[in-house]
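Engineer: First the structure, then my questions, so here it is.
Protein chains in written order, with my numbering: chain A, 24 to 528; chain B, 78 to 439.
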């Protein structure tokens with residue numbers, strides 16, 4: 024047997040109150056694409072951070088080409104030949120591509136040389152990138168290229184990718200996979216973290232499955248079905264979201280000719296957006312990140328004001344109204360960014376329950392906070408949505424992404440909204456939590472609410488939505504029933520071509 | 078071997094309250110070294126500042142009442158500032174609002190002089206609060222309308238207020254019977270307007286009462302009322318605050334207005350009581366010292382009471398040290414400055430823990 028590139032033996036890391044990794048053993052060979060599978064909180068991040076030198080394991084050892092390997096800092100990991108592309112990009116909008124790449128390097132060459140190298144490497148790997156462009160003007164896919172190119176410039180032997188496709192269009196995923204296969208052909212190894220099982224089945228030849236910090240299985244994902252993989256990961260049979268077909272009812276939310284200038288220099292302005300959602304309907308709004316999703320959510324939540332008649336709830340104009348007035352009308356929202364937008368990171372779950380629940384749950388009386396009711400409301404959310412946390416006194420940032428997302432979505436659903444708008448409801452959430460959230464959204468529609476799901480995950484939209492519309496450059500296509508919609512048609516809608524066809528017809 | 082900072086998953090409750098104590102201890106050590114460098118006995122100096130004002134029978138009769146006299150305005154201003162600081166609204170110009178409040182209060186008193194009337198003092202209270210509020214509204218409106226920086230505007234307005242004070246002391250408010258000396262009539266000797274001790278030899282005057290009312294009011298607002306929740310939300314996560322329906326502009330006006338009104342009140346109580354009259358150098362930098370008090374008290378009303386008393390002690394003890402040890406007056410200001418410096422430095426402990434890393438062989 025040949026010596027593996029990286030071998031991990033008995034790695035254990037405990038945090039106060041939780042064992043993140045317990046006796047984890049696995050290895051990655053040279054030129055191998057290895058998948059790391061597991062629910063949120065299964066210990067994938069901790070493991071990867073140990074490899075990248077961000078944390079130090081309590082016990083166990085790592086071998087890099089047979090030699091002991093114990094990086095104290097990412098610089099040491101990079102020096103050994105480990106590079107990592109994070110799920111959340113660490114880029115500065117106001118700097119150009121070359122400057123951003125230089126900031127992430129240990130010994131950046133002069134910017135002119137670097138720009139030439141970026142051009143060279145990016146075209147060699149089929150990831151075209153203009154080093155002079157401002158990162159703020161790039162799409163999510165292009166931003167990811169910046170991160171990947173930054174890694175490739177260091178000539179890595181092992182590339183770690185954390186949920187790389189969650190922000191990409193199907194076409195961009197194709198390009199990324201081609202690049203990854205090319206890297207493999209060059210003998211580089213890739214550690215690929217994803218919850219999209221189909222991707223892992225097409226890309227990876229080995230998978231290590233983690234559950235609650237322990238390795239619970241190893242397999243060749245090409246030989247397993249996606250369902251089997253998911254069940255290995257969750258440990259139980261996976262619940263598929265389902266619901267009966269619903270007869271649509273009255274229009275609950277209507278947006279008419281909504282125009283809104285971009286709220287910031289790198290925002291997107293909304294142009295003539297119109298749609299209506301009926302009782303019992305789930306409208307899926309697809310589109311690549313940065314095409315106006317945040318702005319649309321802001322315009323619906325009331326954080327951004329518009330012409331009074333541009334947004335109506337149950338026939339009443341609310342475009343001019345603030346978030347709480349809209350909540351009073353039954354229009355609730357859950358934004359994409361969990362920490363800092365949907366929830367205050369350093370506040371307890373009780374306080375975060377108060378954040379949107381104050382009015383509808385009657386948590387405030389004459390301006391005074393009813394501490395008991397607020398705590399009880401937080402506890403109800405935690406119980407009903409299976410949020411894994413010691414209790415409502417815990418601060419939001421101490422929760423894993425999936426658990427906080429369950430809390431944030433649960434907080435809105437528990438308030439019995441008549442219209443619910445969610446942006447990226449399952450971004451970075453593991454399979455079972457995602458299934459629970461989707462089921463909750465479908466139950467809500469079943470009970471007569473109008474639901475708008477803004478998502479970059481097309482599979483998600485196709486799974487739960489009744490109708491589909493695409494956001495492109497701040498414009499929204501006409502909505503079409505999901506039934507009978509082909510991937511090609513969706514691709515055209517996402518590209519903004521669909522509207523032109525309609526005009527020609 | 079190296080030191081490393083590791084972020085805590087939750088801010089440490091223990092360190093949150095232990096850091097002010099640690100900062101005081103460090104200030105005593107560094108202050109002792111400073112006094113040693115000045116050729117004074119450090120232990121005697123520290124004892125003189127922190128112990129003698131309270132417990133030395135020679136000084137206590139004078140010093141103990143002075144403690145409340147000095148702590149009153151500091152606490153009153155600091156609780157107002159703390160509300161804004163929690164919301165991330167930085168009113169650095171309390172000193173200016175304090176001066177304008179004092180001028181407005183004095184103006185009412187001087188207008189009615191020498192007529193009697195129960196309504197004069199309450200009117201002065203309203204005028205003082207109003208003056209401070211107006212002076213704070215300038216940075217508030219400039220910020221909400223033109224997005225100017227409230228730190229800069231409020232700070233620079235202090236110097237404008239000082240110029241107005243000087244102009245008033247030698248101009249409109251000068252005592253016509255004062256033989257041409259700058260300074261107004263003695264308001265503390267005008268019974269209808271005087272803010273004298275309520276209980277003899279305690280230092281307790283209306284300003285101290287107002288400070289304690291403000292502390293209780295602020296405590297309830299911050300911890301029981303939805304407004305306090307919005308203040309903290311805006312300070313910690315501005316985007317989440319907008320999502321919760323908090324209007325940032327309204328909060329700016331509210332926080333600056335509240336702290337300005339309290340600073341104005343403090344100035345008014347001071348001019349009608351301990352300071353006695355409007356003079357060119359009437360202001361004694363309570364407005365700036367209150368910033369230290371607010372942070373030393375962890376922006377918490379109860380903490381601010383303790384911090385205000387401690388800071389008052391350094392004032393009173395500092396005066397003793399000046400007299401008894403011939404210490405320069407700047408030394409005590411350096412001392413107070415060090416307190417804030419150490420506090421901010423050790424504050425890192427409440428969010429981070431220090432890890433000693435013994436580097437292993439690779």
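Heads up, the beta-carbon is just placed ideally off N, CA and C, and yes, glycines get one too.
Return the Cβ separation of residue 513/A and residue 481/A in integer angstroms, given the expectation that the two are a contact with Cβ distance under 8 Å.
Structural biologist: The Cβ separation is near 6 Å, so the contact holds.
Engineer: In whole angstroms, what separates the C-alpha of residue 115/B from that of residue 420/B?
Structural biologist: So the alpha carbons of these two residues sit roughly 24 Å apart.
Engineer: Could you tell me whether the segment 346 to 357 of chain A touches the segment 316 to 327 of chain A, where touching means 3 or more Cβ pairs closer than 8 Å?
Structural biologist: Contact between the segment 346 to 357 of chain A and the segment 316 to 327 of chain A is present, because at least three Cβ pairs lie under 8 Å.
Engineer: So that I know if they touch, is there some Cβ in chain B lying closer than 7 Å to that of residue 326/A?
Structural biologist: Yes, because at least one Cβ of chain B sits closer than 7 Å to the Cβ of residue 326/A.
Engineer: What residues from chain B crowd round residue 147/A, counting only those whose CB sits closer than 7 Å?
Structural biologist: None at all; the shortest Cβ gap to chain B is about 32 Å.
Engineer: Looking at the unbroken alpha helix (DSSP H) that takes in residue 447/A, where does it start and where does it end?
Structural biologist: Note, residue 447/A: premise wrong, no alpha helix (DSSP H); not H, not E.
Engineer: Check the DSSP bridge columns for residue 87/A and list the partner residues they point to.
Structural biologist: DSSP, once it has assigned bridges, lists 29/A and 90/A as partnering residue 87/A.
Engineer: Output yes if chain A places a C-beta closer than 7 Å to the C-beta of residue 320/B; else output no.
Structural biologist: Yes, residue 320/B lies at the interface with chain A (some Cβ there is under 7 Å from its Cβ).
Engineer: Where does the unbroken beta strand (DSSP E) through residue 474/A begin, and where does it stop?
Structural biologist: Per DSSP, residue 474/A belongs to the beta strand (DSSP E) from 473 to 477.
Engineer: Going by DSSP, name the residue or residues bridged to residue 281/A.
Structural biologist: Partner(s): 296/A.
Engineer: Sort out for me which residues DSSP pairs residue 174/A with in a bridge.
Structural biologist: Partner(s): none; residue 174/A has no beta bridge.
Engineer: Just curious, the beta strand (DSSP E) that residue 216/A is in, first and last residue?
Structural biologist: Here the beta strand (DSSP E) through residue 216/A covers 212 to 216.
Engineer: Over what stretch of residues does the beta strand (DSSP E) that includes residue 307/A continue unbroken?
Structural biologist: Where residue 307/A is concerned, the enclosing beta strand (DSSP E) stretches over 305 to 309.
Engineer: Please list the partners that residue 374/A has in chain B, where partner means a Cβ-to-Cβ separation under 9 Å.
Structural biologist: Simply 306, 309 and 310.
Engineer: Thinking just about the alpha-carbon of each residue, which of 77/A, 61/A and 56/A is nearest to the one in residue 83/B?
Structural biologist: The candidate whose alpha carbon is nearest that of residue 83/B is 77/A.
Engineer: At which residues does the alpha helix (DSSP H) containing residue 226/A begin and terminate?
Structural biologist: From DSSP, the alpha helix (DSSP H) with residue 226/A extends over 220 to 226.
Engineer: By the criterion of Cβ-Cβ separation under 7 Å, what are the contact partners of residue 377/B in chain A?
Structural biologist: Ordered by position in chain A, no residue passes the 7 Å Cβ test against residue 377/B, which lies about 15 Å from the chain.
Engineer: Which of the three DSSP states is assigned to residue 425/B in this structure?
Structural biologist: Three-state DSSP puts residue 425/B in a helix.
Engineer: Do you know how far the Cα of residue 99/B is from the Cα of residue 81/B?
Structural biologist: Roughly 20 Å between the two C-alpha positions.
Engineer: Would residue 223/B be called buried (16 or more neighbouring beta carbons within 10 Å of its own) or exposed?
Structural biologist: That one is exposed.
Engineer: Which value, in whole angstroms, describes the spacing of the CA atoms of residue 373/B and residue 413/B?
Structural biologist: Each residue's alpha carbon lies about 11 Å from the other.
Engineer: Between the beta-carbon of residue 151/B and the beta-carbon of residue 370/B, is there less than 7 Å?
Structural biologist: Yes, the Cβ-Cβ distance between residue 151/B and residue 370/B is below 7 Å.
Engineer: Thinking C-beta only, is residue 57/A closer than 7 Å to residue 229/A?
Structural biologist: Yes. Within cutoff.
Engineer: Taking just the CA atoms, how far does residue 448/A sit from residue 440/A?
Structural biologist: The alpha-carbon atoms of residue 440/A and residue 448/A are separated by roughly 16 Å.
Engineer: Please list, in chain order, the chain A residues whose beta carbon lies closer than 8 Å to that of residue 302/B.
Structural biologist: Per Cβ cutoff of 8 Å: 390, 391 and 392.
Engineer: With which residues is residue 37/A paired in a DSSP beta bridge?
Structural biologist: DSSP, once it has assigned bridges, lists 42/A as partnering residue 37/A.
Engineer: Spell out whether any CB of chain A is found under 7 Å from the CB atom of residue 293/B.
Structural biologist: Taking Cβ atoms only, chain A never reaches closer than 7 Å to residue 293/B, which makes this a no.
Engineer: So, for residue 284/A: in the same chain, excluding its five sequence neighbours on each side, which residues have a beta-carbon less than 7 Å away from its beta-carbon?
Structural biologist: Answer for residue 284/A: 292, listed in chain order.
Engineer: Starting from residue 107/A, trace the alpha helix (DSSP H) both ways and give me its first and last residue.
Structural biologist: Per DSSP, residue 107/A belongs to no alpha helix (DSSP H); it is in the beta strand (DSSP E), 105 to 108.
Engineer: Per DSSP, which one or two residues make a beta bridge with residue 388/A?
Structural biologist: Answer is 391/A, bridged to residue 388/A.
Engineer: Please list, in chain order, the chain B residues whose beta carbon lies closer than 9 Å to that of residue 379/A.
Structural biologist: Correct list: 320, 321 and 322.
Engineer: Can you give the beta carbon distance from residue 434/A to residue 380/A, rounded, assuming they're within the 8 Å contact cut?
Structural biologist: The pair is a contact, with the Cβ atoms about 6 Å apart (cut-off 8 Å).
Engineer: Identify the contact partners of residue 363/A in chain B, using a Cβ-Cβ distance below 7 Å as the criterion.
Structural biologist: Residues of chain B passing the Cβ test: 314, 316 and 317.
Engineer: Let me see if you follow: with CB-CB separation under 7 Å, is residue 528/A close to chain B or not?
Structural biologist: Low confidence applies to residue 528/A: its pLDDT is 33, below 50, so where it sits in the model is not reliable, and the reading given next is rough at best. Not an interface residue.
Engineer: Kindly indicate if chain B contains any beta-carbon less than 7 Å away from that of residue 529/A.
Structural biologist: This structure cannot speak to residue 529/A, because chain A is shown only from 24 to 528.
Engineer: Taking CB distances under 7 Å as the criterion, tell me whether residue 105/A reaches chain B.
Structural biologist: Not closer than 7 Å to any Cβ of chain B, the Cβ of residue 105/A fails to qualify, so no.
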